[in-house]
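Using the working numbering, the first residue of the sequence shown is number 13, and each one after it goes up by one.
Beneath this line is the structure, given in structure tokens, with notes to follow.
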Amino acid sequence: MKVVHNIQELRDQLQGQTRVAFVPTMGNLHQAHLSLMKLARQHGDPVVASIFVNRLQFGPNEDFDRYPRTLQDDVAKMEQGRDVYVLFAPSEKEMYPEPQNFRVSPPDHLGRILEGHFRPDFFEGVCTVVLKLFSCVQPRVAVFGKKDYQQLMVVRQMVRQFQLPVEILAHETVREDDGLAMSSRNRYLSDSERAEAPQLYQALQEMARQLQQGDSREQIEARATRTLAERGWQVDYMALRRQSDLLEPTEEQILAGEPLVALAAAKLGATRLIDNLEMTKA
Ligand code: PAF
């Protein structure tokens, strides 16, 4: 695997390649990232991965400074996985040599709800860096994880509206044995928080059970929020939404079998976790 730190070197390495499959990451790689790279390998050649902790997508009180930067370990993991041909690991100066005044903002109906409500700069930061990374790598396909469900939808819509020549592939959420969705932020959890963390996924599974029982959206969301709050979580949202646009389904739509997704965001101590589960009323 070649590790390159600047855009010109990257372009030189990829000269003439038309089937590039791309996996953008912020590093601190775990099994879920390696699975994205494996999927990329099945859909293109060569596979390019990036590691860049993107300041633009972090709010002022978020974890940009303490976000784990583990380049040497990450390189070793990718070498072992043998799926990645080029790792692009630019510095901040390389990606943002001047203030990034041109930005890509998603529409409010998608970018200001759920994650976008609690993290107002997040999707603008993600779209801006993803567009920039696409411009550097020029991939034919790019792989994103479904754990960041709303991010995946935002990126898909950006690609569609700008008619970017890249196909977005989604990888299922990869979980630990106890159900916790893999995330670089799991490493912030203390032992006792780690033991509690799978409750987020259990709450989503309970939402699915209550949906089948015929409970209303409001009841399902309120119970999930209360259950987690009683266990000491600080809940941002437990929301049952339409898969198509992440808006609230009507009861008629639920009964008619509209594809739904339950989305969760909650803090355990200082660590904010997100997760989701797709479901449909049978
Ligand atoms: O999902 C992530 O790791 C980041 O949001 C991404 C897509 C690499 C953009 O910085």
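Yeah, the Cβ is synthetic: ideal placement off N, Cα and C, and Gly gets one too.
- The stretch 20 to 39 makes contact with the stretch 56 to 66; the number of CB pairs closer than 8 Å reaches 3 or more.
- Ranked by how close their Cα comes to the Cα of residue 20, the residues 102, 30, 67, 49 have 102 in first place.
- The shortest CA-to-CA distance from residue 64 to any of 145, 13, 126, 98 is the one to 145.
- Annotation: residue 172 is outside any beta strand (DSSP E); the continuous alpha helix (DSSP H) that includes it extends over 161 to 173.
- With a 10 Å radius around the Cβ and a threshold of 16 neighbouring Cβ atoms, residue 71 comes out exposed.
- The alpha-carbon of residue 78 is positioned some 12 Å away from that of residue 196.
- When DSSP reads this structure, residue 155 sits in a beta bridge with 181.
- Distances taken from the Cβ of residue 40 to the heavy atoms of ligand 1 include none shorter than 7 Å.
- A check of alpha carbon separations from residue 209 across 273, 243, 186, 114 identifies 243 as the nearest.
- With a cut-off of 7 Å, the C-beta of residue 80 is classified as distant from ligand 1, since no heavy atom of the ligand falls inside that distance.
- If you look at residue 98, you'll find it in the beta strand (DSSP E) that goes 98 to 100.
- By the 16-neighbour rule on beta-carbons within 10 angstroms, residue 45 is buried.
- The stretch 185 to 192 and the stretch 221 to 232 do not touch, with fewer than 3 CB-CB distances between them shorter than 8 Å.
- Closest in alpha carbon position to residue 25, among 96, 76, 39, is 96.
- For the pair of segments examined, the stretch 84 to 98 was found not to touch the stretch 198 to 215: the number of CB pairs separated by less than 8 Å stays below three.
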